[in-house]
């Protein structure tokens with residue numbers, strides 16, 4: 479639940495009145511005095527120096543109040559970079575720095591800055607707050623989001639150098655730390671670059687976080703990052719769907735650092751990977767330098783698919799949870815990545831309603847099997863969906879359909895119970911286990927009818943009365 483936000487007005491009417499006092503008539507000094515006195519606890523001073531201090535304090539509080547709530551990461555970001563993404567005039571930031579650390583600016587400069595600040599507040603705070611449905615007015619362009627690929631390339635080069643020569647690890651550690659810090663700052667910049675992002679977190683904080691994590695996932699899943707450029711280095715570990723040890727040692731520190739600050743990253747990464755694996759392939763060039771995750775206009779690159787599927791399996795095993803939706807992870811935060819959710823999504827997409835052939839989605843099937851391994855309930859659930867033949871209204875009931883259903887029923891029950899011994903109860907001919915192979919004992923008072931009782935096989939939903947003796 480999001481905590482309430484403290485505001486200086488008791489209701490929207492007070493804010494509307496304050497806005498009218500400030501902006502309705504530029505020459506109405508009495509109204510502006512009312513606006514100033516609305517939030518003043520001490521009488522004003524007529525001193526020239528006190529006036530400069532008052533202007534400077536207001537500007538410092540304005541810039542700090544806009545920037546400080548957006549310092550969300552572990553590492554502090556520069557005030558100028560945050561202000562640029564907010565569209566705040568750069569000279570107000572410079573004036574704030576001068577008033578704080580250098581000589582106090584003149585009253586003329588401070589007055590010009592106050593007018594500029596009032597204009598910015600009108601278009602970016604008062605009007606959007608008083609009329610949220612109105613389209614946002616045109617404002618100063620925000621700084622574009624810088625690319626992350628060069629930073630990831632630098633991180634990879636440093637990690638490889640440290641792995642090749644262990645003696646260089648202490649020397650390279652500070653540089654690796656700086657790269658990790660820059661990566662976190664990139665995510666913070668991406669939050670501000672999200673569509674509709676403003677100076678106040680408000681209710682859109684989660685939306686901006688998801689947008690930033692999606693951009694981060696796109697960068698991580700591009701060739702050259704989590705997926706090596708060389709196809710030979712993409713092969714998962716032998717016998718299991720897990721990234722190669724070299725890839726794990728290379729990228730685990732970065733993923734661990736980002737996940738500690740953004741707990742939704744593993745779930746976002748797995749979602750982007752499954753979206754890509756379930757996207758139909760087209761006859762496009764599969765050797766392109768970059769495959770956009772979830773883009774159906776690219777060809778199927780099996781080595782790429784197996785590599786990202788291995789990362790998805792590792793992420794679920796590393797940071798996912800096998801329990802309910804209300805479970806918390808080891809840090810006490812609500813778990814965003816649940817194995818059952820991923821399995822249900824894959825099984826539903828790969829089920830009998832899917833038009834794709836099994837060969838096209840073989841890697842997705844392999845990922846589903848890897849996630850269900852050692853989890854019998856998930857194995858049974860996925861088998862119920864993926865094991866059914868595609869339904870067709872033109873198919874007629876066949877004599878061997880009941881036999882096929884019995885085989886599938888026996889296979890599903892075999893996953894839940896061990897095979898009974900030869901001398902176990904209910905194992906004799908005509909017993910509940912004789913026709914389906916493996917089955918648990920029936921509750922007291924129940925028995926399974928057979929053809930000797932007059933039962934005949936029939937489609938589900940069709941009633942055929944049993945023959946009764948006279």
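In my numbering, the protein residues as written are 479 to 948.
Ideal Cβ positions, reconstructed from N, Cα and C, are used throughout, including at glycine.
Which residue's Cα is closest to the Cα of residue i: the options?
{"i": "residue 709", "options": "781, 630, 936", "result": "781"}
{"i": "residue 629", "options": "742, 885, 697, 738", "result": "697"}
{"i": "residue 733", "options": "699, 562, 891", "result": "699"}
{"i": "residue 671", "options": "495, 892, 564, 508", "result": "564"}
{"i": "residue 492", "options": "877, 559, 604", "result": "604"}
{"i": "residue 469", "options": "854, 923, 741", "result": "Not covered by the structure: residue 469. The range shown for the chain is 479 to 948."}
{"i": "residue 631", "options": "644, 729, 876", "result": "729"}
Just how far apart, CA to CA, sit residue i and residue j?
{"i": "residue 796", "j": "residue 731", "result": "13 Å"}
{"i": "residue 934", "j": "residue 694", "result": "59 Å"}
{"i": "residue 912", "j": "residue 759", "result": "Confidence at residue 912 is low in this model, with a pLDDT of 42, below 50, so its placement is unreliable and no value can be given for it."}
{"i": "residue 469", "j": "residue 627", "result": "With the chain covering 479 to 948 only, the question about residue 469 has no answer from this structure."}
{"i": "residue 485", "j": "residue 513", "result": "16 Å"}
{"i": "residue 856", "j": "residue 842", "result": "16 Å"}
{"i": "residue 489", "j": "residue 609", "result": "14 Å"}
{"i": "residue 939", "j": "residue 664", "result": "59 Å"}
{"i": "residue 587", "j": "residue 623", "result": "32 Å"}
{"i": "residue 501", "j": "residue 567", "result": "20 Å"}
{"i": "residue 581", "j": "residue 596", "result": "23 Å"}
{"i": "residue 576", "j": "residue 686", "result": "32 Å"}
{"i": "residue 549", "j": "residue 505", "result": "38 Å"}
{"i": "residue 532", "j": "residue 688", "result": "40 Å"}
{"i": "residue 545", "j": "residue 572", "result": "14 Å"}
{"i": "residue 497", "j": "residue 584", "result": "27 Å"}
{"i": "residue 785", "j": "residue 852", "result": "22 Å"}
{"i": "residue 535", "j": "residue 555", "result": "22 Å"}
{"i": "residue 745", "j": "residue 849", "result": "14 Å"}
{"i": "residue 900", "j": "residue 705", "result": "Interpretation of residue 900 is limited by its pLDDT of 40, a score under 50 that renders its predicted location unreliable; the figure taken from the coordinates is listed afterwards. Straight-line Cα distance between these residues: approximately 52 Å."}
{"i": "residue 684", "j": "residue 668", "result": "13 Å"}
{"i": "residue 526", "j": "residue 589", "result": "13 Å"}
{"i": "residue 528", "j": "residue 666", "result": "37 Å"}
{"i": "residue 727", "j": "residue 640", "result": "11 Å"}
{"i": "residue 829", "j": "residue 860", "result": "9 Å"}
{"i": "residue 487", "j": "residue 625", "result": "40 Å"}
{"i": "residue 936", "j": "residue 885", "result": "16 Å"}
{"i": "residue 1005", "j": "residue 508", "result": "The structure shown has nothing for residue 1005, since the chain only spans 479 to 948."}
{"i": "residue 753", "j": "residue 930", "result": "52 Å"}
{"i": "residue 599", "j": "residue 750", "result": "38 Å"}
{"i": "residue 925", "j": "residue 799", "result": "39 Å"}
{"i": "residue 707", "j": "residue 716", "result": "20 Å"}
{"i": "residue 543", "j": "residue 703", "result": "37 Å"}
{"i": "residue 822", "j": "residue 858", "result": "11 Å"}
What span of residues does the alpha helix (DSSP H) with residue i cover, start to end?
{"i": "residue 660", "result": "647-671"}
{"i": "residue 840", "result": "840-850"}
{"i": "residue 786", "result": "780-797"}
{"i": "residue 631", "result": "627-642"}
{"i": "residue 751", "result": "743-755"}
{"i": "residue 818", "result": "817-827"}
Who are the Cβ neighbours of residue i in its own chain at under 7 Å, not counting the five residues just before and after it?
{"i": "residue 788", "result": "714, 719, 720, 721"}
{"i": "residue 845", "result": "719, 755, 787, 790, 791, 824"}
{"i": "residue 578", "result": "538"}
{"i": "residue 748", "result": "790, 793, 794, 815, 820"}
{"i": "residue 827", "result": "756"}
{"i": "residue 783", "result": "755, 841"}
{"i": "residue 570", "result": "537, 541, 591, 594, 595"}
{"i": "residue 647", "result": "640"}
{"i": "residue 494", "result": "608"}
Closest Cβ-Cβ distance between residue i and chain B: below 8 Å?
{"i": "residue 733", "result": "Within the model displayed, chain B is absent; a lone protein chain is all it includes."}
For residue i, which residues from the same chain have a beta carbon less than 6 Å from its beta carbon, with the 5 sequence-adjacent residues on both sides left out?
{"i": "residue 743", "result": "691, 736, 737"}
{"i": "residue 903", "result": "Annotation note: pLDDT 46 at residue 903 (below 50); position unreliable, coordinate value reported separately. Closer than 6 Å at the Cβ level, and outside the excluded window around residue 903, lies no residue."}
{"i": "residue 561", "result": "571"}
{"i": "residue 558", "result": "571"}
Using a Cβ-Cβ cut-off of 8 Å (strictly less than) and excluding sequence neighbours within five positions of residue i, which residues of its own chain qualify?
{"i": "residue 510", "result": "499, 500"}
* **Segment contact flag, the segment 622-637 with the segment 652-661, C-beta cutoff 8 Å, min 3 pairs** => yes
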